[in-house]
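Engineer:
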Amino acid sequence: GQEAITPQSDKVTAKEGQTAAIQCNYKAEKSYGAYLQWYKVDKNEGPQFLLQTYSFDNEKKAFTKGYTATLDTENQLTTLTVKNVTLSDSKTFICALR
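As structure tokens, then:
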């Protein structure tokens, strides 16, 4: 099958203290499990793993400090939510399909 993942937009903006939602659409065979991963990129350290969701999990949700990832398998969409945005959240986030 043809697998692909694409960000919904190049840039997401939010004011300090707000919640930002970053979304990626993916294409994967529904009969196979898809792992959707999120990374944040720090200039000095390169990509750092944040969260992973799995299409066959009942929850289809993952949490880590300040971040939530959800998975919509119907629409093949993954969303990373950044709570209480601060200036330090102004960085590149990467969505990956495995």
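Heads up: the sequence shown at position 25 corresponds to 87 in my numbering, and the numbers run straight through without jumps. Glycine included, every Cβ here is placed at the ideal spot set by N, Cα and C.
Out of curiosity, what's the CA-to-CA distance linking G128 and E65?
Structural biologist: Using only the alpha carbons, I get a separation of about 29 Å.
Engineer: With a 10 Å radius around its C-beta and 16 neighbouring C-beta atoms as the bar for buried, classify Y94 as buried or exposed.
Structural biologist: By the 10 Å Cβ count, Y94 comes out exposed.
Engineer: Pull up the DSSP beta-bridge partners for T81, would you.
Structural biologist: In the DSSP output, where bridge partners are listed per residue, T81 has none listed.
Engineer: By DSSP, does D151 sit in helix, in strand, or in coil?
Structural biologist: In the structure shown, D151 sits in a helix (DSSP, three-state: H, G or I).
Engineer: Please give me, in chain order, every unbroken run of the beta strand (DSSP E) with length at least 3 that falls completely inside the stretch 76–126.
Structural biologist: Those beta strand (DSSP E) runs which fall completely within the stretch 76–126 and span 3+ residues are 82–89, 97–104, 108–116 and 123–126.
Engineer: Quick one: measure Cβ to Cβ for Q157 and L112, integer angstroms, because I've assumed they're closer than 8 Å.
Structural biologist: The question names Gln, but residue 157 is Cys in the sequence shown. With a Cβ gap of about 10 Å, C157 and L112 do not count as contacting.
Engineer: Taking a contact to mean a Cβ-Cβ separation below 8 Å, would you say T143 touches A96 in this structure?
Structural biologist: No. Outside cutoff.
Engineer: Does T154 pass the burial test, meaning 16 or more other C-beta atoms within 10 Å, or should it be called exposed?
Structural biologist: Counting Cβ neighbours within 10 Å, T154 comes out exposed, since fewer than 16 surround it.
Engineer: Between which two residues does the beta strand (DSSP E) containing V144 stretch?
Structural biologist: It spans L139 to V144 - the beta strand (DSSP E) in which V144 sits, taken as one unbroken run.
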